[in-house]
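Student:
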């Protein structure tokens with residue numbers, strides 16, 4: 343498989359009531375096909391978030407967006423454009439980071455969490471200077487992170503995020 347240039351094509355999810363921001367790296371092949379975040383059916387992001395919010399896992403883009411906004415969660419990625427092979431975070435090159443200012447200008451300096459080690463590394467390298475907000479690194483929800491069971495993800499993500507959730 344050859345590397346291709348990928349441009350992030352869907353907007354961040356946020357509003358003025360967002361109390362925390364979760365950042366991934368760049369949309370996967372499946373996410374790009376579905377034109378929305380965490381589109382791979384085995385990615386545990388949506389079931390995990392729904393569990394932490396005390397809700398059923400959302401199915402549609404609209405349900406997913408409403409879940410996020412209802413619980414004060416903003417969602418975006420670190421990478422606006424890059425070269426990548428398939429969906430492999432380790433293959434990401436030629437990074438152009440996203441601009442977080444439109445989100446933070448509406449939300450204020452909210453806590454930032456990153457989904458996985460690559461998102462953490464790229465955030466620190468490309469976005470920390472822009473935001474001045476140290477990001478909290480969470481274990482990846484990707485199916486490639488098989489060492490982390492759903493139970494372990496619930497514990498780690500819950501400890502970090504639950505203090506910021508409402509209702």
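Residue numbers (the working numbering): 343 to 509.
For each residue, glycine too, the CB sits at the ideal point set by N, CA and C.
Pick out whichever of 355, 452 and 483 has its Cα sitting closest to the Cα of residue 473.
Tutor: 452
Student: Would you list, in sequence order, the uninterrupted alpha helix (DSSP H) runs of no fewer than 4 residues that lie entirely inside the segment 348-410?
Tutor: Listed in chain order, the complete alpha helix (DSSP H) runs (minimum 4 residues) inside the segment 348-410 are 371-376 and 387-395.
Student: Apply the 10 Å Cβ neighbour rule to residue 366 and answer buried if 16 or more other Cβ atoms are within range, or exposed otherwise.
Tutor: If you draw a 10 Å sphere on the C-beta of residue 366, you find 16 or more other C-beta atoms in it, and that means buried.
Student: For a quick check, are the C-beta atoms of residue 390 and residue 492 less than 8 Å apart?
Tutor: Yes. Within cutoff.
Student: So what does DSSP say about residue 441, is it helix, strand or coil?
Tutor: coil
Student: Between the alpha carbons of residue 442 and residue 431, how many angstroms are there, rounded?
Tutor: Looking at the two C-alpha atoms, the distance is approximately 20 Å.
Student: Would you list the one or two residues that DSSP bridges to residue 468?
Tutor: DSSP lists no partner for residue 468.
Student: What residues match up with residue 419 in a beta bridge as DSSP calls it?
Tutor: Bridge partners of residue 419: 366.
Student: How would you label residue 368, buried or exposed, when you count the other beta carbons within 10 angstroms and need 16 or more for buried?
Tutor: buried
Student: Should residue 346 be labelled buried (16 or more other beta-carbon atoms within 10 Å of its own) or exposed?
Tutor: Residue 346 is classed as exposed because its beta carbon has fewer than 16 other beta carbons within 10 Å across all chains shown.
Student: Is DSSP giving residue 482 helix, strand or coil here?
Tutor: coil
Student: Starting from residue 499, trace the alpha helix (DSSP H) both ways and give me its first and last residue.
Tutor: 492-503
Student: I need the DSSP call for residue 455, collapsed to helix, strand or coil.
Tutor: strand
Student: Does the Cβ of residue 457 have 16 or more other Cβ atoms within 10 Å, making it buried, or fewer, making it exposed?
Tutor: By the neighbour-count criterion, in which 16 or more other beta carbons inside 10 Å mark a residue as buried, residue 457 falls on the buried side.
Student: Decide yes or no for the touch test of the segment 464-472 against the segment 370-383: beta carbon pairs closer than 8 Å, at least 3 of them.
Tutor: no
Student: Could you check if residue 377 is buried or exposed, using at least 16 other CB atoms within 10 Å of its CB as the buried criterion?
Tutor: Classification for residue 377: exposed.
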